[in-house]
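Residue numbers (my numbering): 633 to 1100.
Cβ atoms here follow ideal geometry from the backbone N, Cα and C, with glycine treated the same way.
Everything numeric in this text was worked out from a predicted model, so none of it was measured.
Reviewing the structure listed below.
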């Protein structure tokens, strides 16, 4: 059955500064922790990535030609403030003015994120968001951008607060590479949410035009056996770590009793304590109804089983299917049902999870106002033949997720747009260049762009709003 999306629906493409721009030390850009971390720990770097720093006119022209009318862009904090604060880098400011002007020239609305995994190295090595001084530095940076870039109509404070804490302090695949420290995970989540709330409050208090929100990754969590209370509990605890804690902070301005009971249990088992202050909750409370939109990044769901052993997490970074492992002491372990397909990187493909997550937000956080699906897409090892990629698997993945978005809209959810990850192929944080997501294939040697089959499909979808 053909499903239809609304006439004013945004069909976007997503990027991120460090994953797309390249030019990691060009025109006064300051270092980020990733520069050294990749060199020391991985087989790739972010240089030149997709060279978006120089190629953005090409990418935006392609976006316009293929019906992409919105783009997620992030500002590299260290292009504006090379050390995170203090002296402004004029060339960095000029670059973003030029980039936003090109977006508007091409009728591609920029949705601009202030922080997408790339804290300036000077602040990152000083504790990143575990250090409360860096909350102030972030708010100062946000204030500068709001004032400097009035041409931006849609602002996002952070991209994926959850995976930042998860990557830095649980899985350890992001710098500083700490593993299994659940207290640091929750403290990072909390301090970043306070930073978000302060920036949103400032934006509204100053009366800037435009809208502001936050982008959360919300992987849906299910019990492996819904009739087993221990599996249900495992799914609830896993949901608190990745979703509920940050959603509560965003829309309740506090953590519910159920959330804090789960957090306290996890920390009792794994050790550590949190620094949650009265003034933090005053800020969260003041901002809870000021978010104009929620961005949901959704790629996968997880099934949880009760588990009594020690924590062990193995990240599948090379696309060797079945090589990942995830089990947390006192929480549970991920065990996917046989009937659910997965990618080579063990990401579970389950569109219903997106529908369930949207409806959960609508039900539990009725002050959400509106939702954009700010990332969704399929990464795999594209085969480049005939100057294109016949990526039917990607088309099928996006189509099925679009269908459940249409269903959610029919069932009363206010979803206003979708941004495919990614507009063109980009560098992947923990997978390098083998894992591709783009509508446009990038030859990373020549930086030439080639439309994939999915780009033609997406163009037709954007023109007709018909999912078929």
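Within 8 Å, strictly: CB atoms of residue 695 and residue 1059:
no
Going by C-alpha to C-alpha distance, which of 938, 940 and 955 sits closest to residue 946?
955
Would DSSP call residue 772 helix, strand or coil?
helix
Where does the unbroken beta strand (DSSP E) through residue 747 begin, and where does it stop?
741 to 747
Rounded to the nearest angstrom, what separates residue 722 and residue 667 at their Cα positions?
22 Å
Who are the Cβ neighbours of residue 1089 in its own chain at under 6 Å, not counting the five residues just before and after it?
1027
Put residue 678 into one of helix, strand or coil per three-state DSSP.
coil
Would the beta-carbon of residue 740 fall within 8 Å of that of residue 703?
yes
Starting from residue 882, follow the alpha helix (DSSP H) in both directions and report where the run begins and ends.
877 to 883
Between the stretch 815 to 825 and the stretch 968 to 979, are three or more C-beta pairs nearer than 8 Å?
no
In the DSSP output, what is residue 1073 paired with across the bridge?
1082
Hey, how far is the Cα of residue 871 from the Cα of residue 1067?
27 Å
Can you give me the start and stop residues for the alpha helix (DSSP H) that residue 1024 sits inside?
1024 to 1042
With H, G and I counted as helix, E and B as strand and the rest as coil, what does DSSP make of residue 685?
helix
Grab me the residues of residue 1097's own chain with a C-beta within less than 6 Å of its C-beta, minus the 5 sequence neighbours each way, in chain order.
636 and 637
Could you say which of 924, 962, 950 and 981 lies nearest to residue 933 if we only look at CA atoms?
981
Cβ pair residue 827, residue 913 closer than 8 Å
no
Residues near residue 811 by beta carbon distance below 6 Å, same chain, minus five either side:
804
Alpha-carbon to alpha-carbon, residue 758 and residue 781:
28 Å
Counterpart residues of residue 957 in DSSP-defined beta bridges:
946
Note down, in chain order, each residue of its chain lying with its Cβ closer than 7 Å to the Cβ of residue 987, except the 5 sequence neighbours on either side.
1036, 1039 and 1040
Pull the bridge partners of residue 936 from the DSSP assignment, please.
855 and 966
Rounded to the nearest angstrom, how far is the Cβ of residue 577 from that of residue 895, given a contact under 8 Å?
Missing from the structure shown is residue 577; the chain here goes from 633 to 1100 and no further.
So residue 1051 packs on residue 1002, CB below 8 Å; how close in whole Å?
Not quite, the Cβ-Cβ distance comes to about 14 Å (not below 8 Å), so this is no contact.
Looking at residue 798 and residue 649, is the spacing between their C-beta atoms short of 8 Å?
no
Which one of 846, 943 and 724 has the shortest CA to CA distance from residue 1005?
846
Using a 10 Å radius around the Cβ and a threshold of 16 neighbouring Cβ atoms, would you call residue 890 buried or exposed?
exposed
Element boundaries [alpha helix (DSSP H), containing residue 704]:
Per DSSP, residue 704 belongs to no alpha helix (DSSP H); it is in the beta strand (DSSP E), 702 to 706.
Within 10 angstroms of its Cβ, does residue 730 collect 16 or more other Cβ (buried), or is it exposed?
exposed
Using 8 Å as the threshold, is the C-beta distance between residue 844 and residue 869 below it?
no
Are the CB atoms of residue 755 and residue 716 within a distance shorter than 8 Å?
yes
Using 10 angstroms around the beta-carbon of residue 909, count the other beta-carbons present and answer buried if the total reaches 16, otherwise exposed.
exposed
Alpha carbon to alpha carbon, how far is residue 1053 from residue 647?
7 Å
Please list the segments of the beta strand (DSSP E) lying wholly inside the stretch 749 to 798, counting only runs of 3 or more residues, in order along the chain.
786 to 791
For the beta strand (DSSP E) that contains residue 849, what are its first and last residues?
843 to 849
Helix, strand or coil at residue 908 [DSSP, three-state]:
coil
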